[in-house]
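Numbering (our numbering), first residue to last: 2 to 644. Note that CB positions come from ideal geometry on N, CA and C, so glycine has one too. Note that the structure is a prediction, hence the values are computed from the model and not measured. The structure appears right after this line, and notes come after that.
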C-alpha cells in the first residue's frame with residue numbers, strides 16, 4: 002500500500018466539511034491542485050460551472066481582504082480572509098456581489114481604469130459561510146470555470162482536500178509512460194546516453210508494467226501520468242508519486258503545499274528537455290529545486306544500478322486515495338536495441354551530421370552517418386578538463402555519442418568533432434554555474450546577463466542565427482538572435498538586451514520581440530537602459546528588435562452609426578486587435594462620461610458594463626485604442642439616446 006503522510010498546513014485546520022462548496026452544482030473538477038502549467042504549478046483547483054453566472058458562495062465566515070480586476074491572469078478575483086487564518090481565492094469571475102461591485106466600480110471610475118487591485122479595510126465587507134460573494138465567469142483566461150484556491154496563514158497554496166474540501170473520485174490514476182534518464186556521461190540506458198521512454202502496459206486495474214530497461218551507472222526515473230475524470234474527458238494531476246526498489250523507498254514527491262516564492266520550480270519538476278516526448282514528473286531533485294513538493298525525501302533521487310536484476314516500482318496516488326503502480330524490470334547490462342531517432346535539430350552535410358542536446362548540467366553530442374561507419378569520431382574540447390565524458394562511444398553502426406559535463410571552474414568551452422566524413426563542426430558555448438558571481442556576456446549585439454541564482458545547476462548557452470523566423474507585419478531592425486537551448490529552465494530571470502538602433506526615428510515604437518511557433522510576441526516589461534532594450538526573462542529562444550508602426554484596429558462596433566439606442570444604457574461593444582506590441586490602453590467616452598469597458602483579450606472584445614445612464618439626445622461615442630508602441634486608433638459613432 003502507498004503510505005500517506007499529511008503535512009500540517011496550518012495551526013487552525015477546519016473540521017471535515019467546515020468549508021462550504023462554492024457552487025450550487027455537483028462537485029466536478031476540470032483541473033487539480035499542483036497540475037502542470039508551463040513553467041509553474043497550478044495553485045488551486047478548477048471547478049466546472051457549466052457556463053457563466055453561477056452563484057459563488059463563501060467557504061466560511063470572514064471578510065473580503067482583496068479584490069482584483071484585470072483582463073489577464075485571474076481576471077476578476079475575490080480574496081476571502083477566513084476567521085481560521087486561511088485565505089480563499091475565487092478567480093475568473095463574471096461579477097461581484099452588489100455591494101462589492103459598487104465598491105469596485107467606484108474605484109475604476111475614479112482611476113479611469115478597468116484594471117484595479119483593491120484592499121478594502123477588514124470590517125468593510127464581512128461575509129458568512131455560504132453567502133454569495135460573486136458570479137462565476139471566464140475572465141482572464143480559458144473557458145468558463147471557477148478557480149478555487151486556499152492559502153495557509155503564510156499565503157502558501159495548499160491542497161484543498163486536506164481542509165475538508167472533497168469531490169467524488171473512484172477512478173485510479175493512469176500511468177502512460179515512464180522515462181529512465183542517465184545521470185551523466187558515465188551512465189547508460191539501453192546502451193546509450195539518451196533517456197529511454199517506455200510505454201506503460203496495463204495488466205490489471207491499477208497495475209502496469211513495461212519492457213525491461215537495461216542500465217549502468219546512475220539513473221533517474223520519471224512518469225507521465227494522469228488522473229482521468231468525467232469518463233476520461235478530463236485529465237487531472239496526482240498527489241503522491243513514490244519510487245521504490247524492493248521495499249525501500251528511494252524518492253517521493255507529495256503535492257500538498259506550494260509557495261509563490263518557488264512554484265516556478267515546476268520548470269525542473271517536469272523534465273524540460275523531454276516535453277516533446279511526454280510530460281515526465283521527475284523523481285530526482287534537480288539542482289536549485291527547493292519547492293516543498295520535492296522535500297519529502299532526504300536523498301537526491303538518483304539510483305545506482307546494481308549488478309543484478311531488480312524491480313523498480315513507481316506508485317502514484319490521486320487526491321482521493323486511489324492508487325496505481327508500475328513494475329519496471331531493471332537489468333544491469335546494456336541492450337543492443339537501436340535507439341530512437343534524435344529529437345534535436347541537426348546540421349547535416351551529405352548524409353553525415355552532428356547534433357548537440359542539453360540534458361541539464363551535461364550535454365550529449367551525436368555523430369550520425371548515413372552508411373555504416375567504422376572509425377570513431379574524436380571530440381576535441383577547448384576548456385578545462387571535463388568533470389566527466391569527452392569520448393565518443395558507438396551506439397550502432399551509424400551512430401556515435403559522447404557526453405560532456407564541464408568542471409565547476411569552466412566558463413567557456415569550444416566543442417569540436419573531427420572525422421573525415423563529417424562536415425566541419427565547432428560550437429562555442431558559454432557556461433554558467435549556480436552560485437557563480439553575476440556575469441554578462443556579449444554575443445555580437447546581444448548581451449546576456451546571468452545572476453548567481455539564474456541557473457538550475459548549470460546553464461549552457463550559445464547564440465546563432467535561427468534557421469527560419471516567422472513573418473511579421475511590423476519591421477525588424479537588425480538581425481534576429483537565437484539563444485540556445487530554447488527549452489532551458491531558468492530560476493532567477495536573466496537579462497537579455499539588444500541595442501536601440503541609432504537611426505530609429507521613433508525609439509518609443511521599438512520593443513524586444515520573441516518568436517514562439519509561427520508568431521512574434523512583444524516582450525512587455527523591457528526597460529530602456531544606456532541605449533539598450535533590456536528584458537528580464539526566464540525564456541530563451543529567438544529575439545529581435547522590431548518597430549511597431551501599425552496602429553490597432555477597431556471593428557464590428559455596436560451600435561451602428563446613426564442608430565437609435567434601445568435605452569439610456571445601450572449595448573456598446575467592439576472588436577479590438579493589434580499585430581505588434583499589443584493593446585495597452587482602451588478609452589471609450591460619451592461626451593464627458595468615461596465608459597467602463599470590460600476587455601476580453603482572448604476574444605478581442607470590449608464591452609460596456611452599462612453601469613450608468615447616457616445623456617439623452619444625439620451623442621458621440623469615441624473609441625480610442627493605444628498599443629504599447631504609442632500607436633493610437635480612434636473611431637467614433639453618433640447615436641441617438643432616448644429620453
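Is residue i helix, strand or coil when you go by DSSP?
i: residue 506; result: coil
i: residue 228; result: strand
i: residue 463; result: strand
i: residue 641; result: strand
i: residue 294; result: helix
i: residue 447; result: strand
i: residue 272; result: coil
i: residue 110; result: helix
i: residue 99; result: helix
i: residue 233; result: helix
i: residue 536; result: strand
i: residue 161; result: helix
i: residue 376; result: coil
i: residue 418; result: strand
i: residue 403; result: strand
i: residue 551; result: coil
i: residue 660; result: Any answer about residue 660 is impossible in this case: the structure gives the chain only from 2 up to 644.
i: residue 368; result: strand
i: residue 104; result: helix
i: residue 647; result: The structure shown does not extend to residue 647, since the chain is modelled only from 2 to 644, so the question has no answer here.
i: residue 55; result: coil
i: residue 265; result: helix
i: residue 285; result: coil
Roughly how far, in whole angstroms, is the beta-carbon of residue i from the beta-carbon of residue j, given that I think they are within contact range, below 8 Å?
i: residue 66; j: residue 80; result: 5 Å
i: residue 33; j: residue 320; result: 6 Å
i: residue 457; j: residue 435; result: 7 Å
i: residue 135; j: residue 94; result: 5 Å
i: residue 116; j: residue 70; result: 6 Å
i: residue 157; j: residue 258; result: 6 Å
i: residue 630; j: residue 510; result: 4 Å
i: residue 632; j: residue 549; result: 7 Å
Within 10 angstroms of the Cβ of residue i, are there 16 or more other Cβ atoms? Answer buried if so, exposed if not.
i: residue 204; result: exposed
i: residue 54; result: exposed
i: residue 355; result: buried
i: residue 362; result: buried
i: residue 484; result: buried
i: residue 261; result: exposed
i: residue 84; result: exposed
i: residue 276; result: exposed
i: residue 517; result: exposed
i: residue 274; result: buried
i: residue 540; result: buried
i: residue 285; result: buried
i: residue 195; result: buried
i: residue 333; result: exposed
i: residue 51; result: exposed
i: residue 481; result: buried
i: residue 344; result: Annotation note: pLDDT 35 at residue 344 (below 50); position unreliable, no value reported.
i: residue 230; result: buried
Please name the residue in the options whose C-alpha comes closest to that of residue i.
i: residue 508; options: 626, 478, 197 and 237; result: 478
i: residue 267; options: 559, 620 and 42; result: 42
i: residue 447; options: 427, 502 and 460; result: 502
i: residue 216; options: 184, 155 and 229; result: 184
i: residue 171; options: 382, 29, 275 and 89; result: 29
i: residue 1; options: 419, 103, 138 and 357; result: Because residue 1 is not part of the residues shown, which for the chain are 2 to 644, the question remains open.
i: residue 420; options: 454, 405 and 378; result: 378
i: residue 207; options: 227, 72 and 633; result: 227
i: residue 214; options: 231, 190, 232 and 233; result: 190
i: residue 582; options: 132, 414 and 475; result: 475
i: residue 187; options: 82, 390 and 23; result: 390
i: residue 515; options: 393, 504 and 527; result: 527
i: residue 380; options: 577, 406 and 550; result: 406
i: residue 240; options: 322, 559 and 374; result: 322
i: residue 154; options: 429, 143 and 87; result: 87
Original post:
Is the stretch 603-610 in contact with the stretch 567-577, if contact means three or more CB pairs nearer than 8 Å?
Top reply: yes
Original post:
Can you find at least 3 beta carbon pairs, one from the stretch 362-380 and one from the stretch 161-175, that sit closer than 8 Å?
Top reply: no
**OP:** Take every Cβ of the stretch 536-543, pair it with every Cβ of the stretch 485-498, and state whether three or more of those distances are shorter than 8 Å.
**Re:** yes
**OP:** Would you check if there are 3 or more beta carbon pairs closer than 8 Å linking the stretch 210-223 to the stretch 297-305?
**Re:** yes
Subject >> Contact the stretch 256-270 vs the stretch 287-300: 3+ CB pairs below 8 Å >> reply: yes
**OP:** Would you check if there are 3 or more beta carbon pairs closer than 8 Å linking the stretch 396-414 to the stretch 321-336?
**Re:** no
Subject >> Three or more C-beta pairs below 8 Å linking the stretch 455-469 and the stretch 240-257 >> reply: no
Subject >> Three CB pairs or more closer than 8 Å across the stretch 107-116 and the stretch 585-600 >> reply: yes
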